[in-house]
Amino acid sequence: MAKTSPSPKPAAAKQVDVLKLAAEIIECLKYRVGKEPSVATRHDWLTASIKVVRDRVIDRWIDSTRRAYDQNGKRVYYLSMEFLIGRLMRDAFSNLGLMDSMREALAIHDVDIDIIAALEPDAALGNGGLGRLAACFMESMASVDIPAHGYGIRYVHGLFRQEIHDGWQVELPETWLEHGNPWEFERREGAYEVGFGGKVASITSKDGRLERHVWKPNERFLAVAFDTPVVGWRGKRVNTLRLWSAMPVDPILLDAFNAGDHIGALRESNKAEALTRVLYPADSHQAGQELRLRQEYFFSAASIQDIVRRHLSQNESLSSLPEKAAIHLNDTHPAIAVAELMRLLMDVHGHDFDEAWHITRHTFAYTNHTLLPEALESWPVPLFERLLPRHMQIIYAINAEILLKARSSDDFTEDQVRSISLIHEDGERRVRMGNLAFVGAFSVNGVSALHTDLMKETVFADLHKLYPNRINNKTNGITPRRWLLQCNPGLVGLLRETIGDRFMDDIDALRDLDAYADDTAFQERFAAVKRANKEQLVGLVADRMGIRLDPSALFDVQIKRIHEYKRQLLNIIETVALYDQIRSRPEKDWLPRVKFFAGKAAPSYHNAKLIIKLANDVARVINSDPSVRGLLKVVFLPNYNVSMAEVIIPAADLSEQISTAGLEASGTGNMKFALNGALTIGTLDGANVEIRECVGDENIVIFGLKADEVAARRAEGHNPRAVIEASQELRQALEAISSGVFSPDQPDLYKDLIGGLYEHDWFMVAVDFDSYADAQRRVDGIWRESPRWYGMTIRNTARVGWFSSDRTIRQYANEIWKVPA
Ligand code: 26Q
């Protein structure tokens, strides 16, 4: 076996470091937190530890910023409504190589770093995959040394906290800023005005020619920047995540105040605060509310102003913007930035439409994350016109240009021209943000190979025909720092002893592990690491839920947002079927399994909330039934978030990636599980397709209809009732659920949910059931042959290095942004 490489610092030097850190922590506690060690709370120790390391971050931060300025090269601006960054302490400590020293330094003061680390709140400034991807990308951009800024919103309340009451999801406000946020730096000097509403005036020259438009908003807010440093691996580079917070231009309306209207005097202040108070908890259908559009424009406008200011501080004019800036739109949420840049170019900086359009089209790039029609953003024209009258004019002007281009080619039918239009005209007129982002960008990418193909064939078919070179694929990735090095120290230790340290800097080196996949001694050690991780999870479940689990059982895990297309329902129905079988043939040699579920539902998504209730009801009945003798347990872990994922994923044996084919754009959880040595049971959907190509067909369990088969079935109007009649196992499970076996107090509770499977089965739950149940029995077979199981899971870890977000980011850098990486 390869030897662990020596630690970079000799032990004596490290000892000095530790003592120095220990002294600095006390100093910080005293002078910056204002506490003596004897009276310091755990939170105080956390704050002091973060600030001590933060000082080291700041030196590198300033250095990175200065380097970018001096080089005046191209910068990347990543605009995203969501950054699901989770906890930051471990990220910073470990990327700077200070984790062990800080652990020892704190131990000198009798403080356990793991205990204080757990107090750091999760920055849950996102819903799910899209927000977490933005966080992984920020870390990778710093790690591969790309000068990049993330721009987003500093929500006072991130995604709601989920509690489960009597099986139902209850949403509570999340208060991540309660104890202050030691990672952020408020930049009062970096504030911009953002307007809404009002009128557009035209300024004409003496000879009566229209010179330019001036937008006179009737509401104005300040966008104040809060900067968080993003530390790359080994501290190579520190980039900035800049989050905007809304403040009133006039905190107190003096006239009102002096007239005795003390409450009315705060009107502006309250309105501003409302703007960046909450994150919309929807991740799959658009909220459609005015406040959401205001949030989108607010952060886009502040970001574009900031980008323009930075550019003009170093360059003559905005004509060179495309050479110096790539502005990336994370989905359509910031698509209004296209119109905002056009407005600044024309109305403020005096460019004509053609110049402005040229600059804009060569500056923006756009990533699409969904094909679900209900998730495609569009806004009613009257709302848009009232809030952003000048932008509406600009969108009409862009639209005229696009429609002319389409009409001047003979290849486009009127229907195709209509589908390209930025304005949806059937019924209520709406502005289509996807089309705006598409035409305003030089690159439009999907997030997995399959998703990108489907983009070309479905939502963007006609735009693709008009711009055949614009759509490209960038398969998602995950940062191996957080999703292996930090979350799975046991596995990392084993890997370092086995294949050396190279994989820590070059994830492709994990390939060397392939040679050990069938090595019995290595398999045993790999299994022991998994076992230890499972014991940790068992501890968490015992603490939080009082449920006792057997760590030798197969841990079967589905953790993600709750959505019908992700098919938690399929998994629950199969669980019920298995429960039935165990009870009817108790003598059989059943495999102990634990089914884990976790995830939040959008508060307004009725069926998703009902699915949570069902999972909890099924858990209650099965877990308390002595006849299954602990062979089957079901756990729904409340309040799933990034930190919980970091505990669950390293402990998983089986990863459930079972969406209806064609509907999950990529998935990124699938990658995290495979990297941490879980076997995937999944459909040929999203990035599962490419995971299968990497790990080999023999190392993944695939089932179900393929994307084209789903489309065909939907088109022909299939007969799910017949499918259900034909499968006894499925029929019995469905009858049990819909007759109230799991909801005796409300026997009709699940009638409609299950009824939908008989009626239309839009997500092919019934259709895929037999294939899924079969696949699960194949999983049982592999689990029984332990050497085979570990051979497969070791090969998963060895072969999924390609799904590192460093690879993804390098592809964005080379193929889209054209920046060195
Ligand atoms: C839109 C308008 C109004 C309110 C909310 C929204 C909204 C917010 C968030 C719509 C969608 C989202 C999030 C989508 C998302 O997370 N998509 C996931 O992106 C991942 C990263 O590319 C993919 O891996 C997943 O497949 C995809 O579902």
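Reading the sequence shown from the start, the letters are residues 386 to 1206 in my numbering.
Built from N, CA and C at the ideal position, the CB exists for glycine as well.
K709, DSSP secondary structure in three states:
Looking at K709 - three-state DSSP - the assignment turns out to be helix.
With distances taken between CB atoms, is the gap from F1188 to L1060 smaller than 9 Å?
Yes.
Of the residues L431, L595 and D739, the one placed nearest H564, counting alpha carbons only
Selected option, being the one with the closest Cα: L431.
With the cut-off set at 9 Å, would you say L504 and L406 are in Cβ contact?
No. Outside cutoff.
Cβ of L544 within 8 Å of any heavy atom in the ligand 26Q?
L544: no, Cβ never under 8 Å from the ligand 26Q.
Status (buried if at least 16 other CB within 10 Å, exposed otherwise) for H550
By the beta-carbon neighbour count (other beta carbons within 10 angstroms, threshold 16), H550 is exposed.
Go through its chain and collect everything with a Cβ distance to P1035's Cβ below 6 Å, but skip five positions before and after it.
Taking P1035 as the centre and dropping the five residues before and after it, the same chain places the C-beta of C872, N873, N918 and N1061 closer than 6 Å to its C-beta, in chain order.
Which listed residue (S828, R814, Y852 and W764) has its alpha carbon closest to that of F797:
Considering only alpha carbons, the answer is Y852.
Run through DSSP, which three-state label would H598 get?
Three-state DSSP puts H598 in a strand.
Would R572 pass as an interface residue toward chain D - the criterion being a Cβ-Cβ separation below 9 Å?
Among the protein chains of the structure shown there is no chain D, as only one such chain exists.
K405, DSSP secondary structure in three states
It is helical.
With 16 other CB atoms within 10 Å as the buried threshold, where does S1190 fall?
Classified as buried, S1190 has 16 or more neighbouring CB atoms from the shown chains inside 10 Å of its CB.
Exposed or buried, which one is P971 when buried takes at least 16 other CB atoms within 10 Å?
Here P971 is exposed. Its C-beta has fewer than 16 other C-beta atoms within 10 Å.
Contact between the segment 1036-1047 and the segment 799-813 (3+ Cβ pairs under 8 Å):
By the criterion of at least three beta-carbon pairs nearer than 8 Å, the segment 1036-1047 is not in contact with the segment 799-813.
Does the distance from the CB of A1050 to the CB of T755 come in under 9 Å?
Cβ atoms of A1050 and T755: closer than 9 Å.
Between the C-alpha atoms of T1178 and N1084, what's the straight-line distance to the nearest angstrom?
Taken atom to atom, the span from the alpha-carbon of T1178 to that of N1084 is near 7 Å.
Would you check if the distance between the CB atom of S465 and the CB atom of D811 is smaller than 9 Å?
In this structure, D811 does not lie closer than 9 Å to S465 by Cβ.
Here's the rule I'm using: 16 or more other beta-carbon atoms within 10 Å means buried, otherwise exposed. How should L595 be labelled?
It is exposed - the Cβ of L595 has fewer than 16 other Cβ atoms within 10 Å.
Between M466 and the ligand 26Q, is the CB less than 8 Å from at least one heavy atom?
M466 Cβ: within cutoff of the ligand 26Q.
Could you give the uninterrupted runs of the alpha helix (DSSP H) lying entirely in the segment 489-559, keeping only those of 4 residues or more?
Counting only runs of 4 or more residues that sit fully inside the segment 489-559, the alpha helix (DSSP H) segments are 498-502 and 514-528, in chain order.
Using the Cβ count rule (16 or more neighbours within 10 Å means buried), how would you classify P1105?
P1105 should be labelled buried.
Taking the alpha-carbon positions, what's the E740 to I808 distance?
Cα to Cα, E740 sits roughly 23 Å from I808.
Please go through the segment 963-1038 and give each complete beta strand (DSSP E) segment of 3 or more residues, from N-terminal end onward.
Counting whole runs of 3 or more residues, the segment 963-1038 contains the beta strand (DSSP E) stretches 978-983 and 1017-1022.
When the distance is taken between beta carbons, is V1013 closer than 9 Å to R968?
A contact, by the Cβ cut-off of 9 Å.
Which residues mark the beginning and the end of the alpha helix (DSSP H) in which P874 is found?
DSSP places P874 in the uninterrupted alpha helix (DSSP H) bounded by P874 to I884.
Pull up the DSSP beta-bridge partners for A846, would you.
The partner list for A846 (beta bridge, DSSP) is empty, contrary to what the question assumes.
Are the segment 577-585 and the segment 483-492 in contact at 8 Å, needing three or more beta carbon pairs?
No contact exists between the segment 577-585 and the segment 483-492.
In this structure, how does DSSP classify L626 when only helix, strand and coil are distinguished?
L626 falls in the strand class under three-state DSSP.
Assign P1205 to one of two classes, buried (16 or more other C-beta atoms within 10 Å of its C-beta) or exposed (fewer than that).
By the C-beta density criterion, P1205 is exposed, having fewer than 16 other C-beta atoms within 10 angstroms.
Is the beta carbon of G620 closer than 9 Å to that of E524?
No, the pair does not count as a contact, with Cβ atoms beyond the cut-off.
Would you say V816 touches the ligand 26Q, meaning its beta carbon is less than 8 Å from a heavy atom?
Every heavy atom of the ligand 26Q is 8 Å or more from the Cβ of V816, so no.
Would a C-beta distance cut-off of 9 Å place D1153 and L963 closer than the cut-off?
By the CB criterion at 9 Å, D1153 and L963 fall outside the cutoff.
Between the Cα of I1122 and those of A1000, D974 and F823, spot the shortest distance and give me the residue it belongs to.
Check the Cα spacing between I1122 and each of A1000, D974 and F823: the tightest is with A1000.
What number of angstroms, rounded off, separates the C-alpha of W363 from the C-alpha of K436?
Since the first and last residues shown for the chain are 386 and 1206, residue 363 lies out of range.
Can you list, in chain order, the residues of its chain whose CB lies under 8 Å from that of P1172, leaving out five sequence neighbours each side?
So the list reads D903, T905 and Q908, once near-sequence residues are dropped.
May I ask you to check if the CB of R677 is nearer than 8 Å to at least one heavy atom of the ligand 26Q?
Yes, the ligand 26Q has a heavy atom inside 8 Å of this Cβ.
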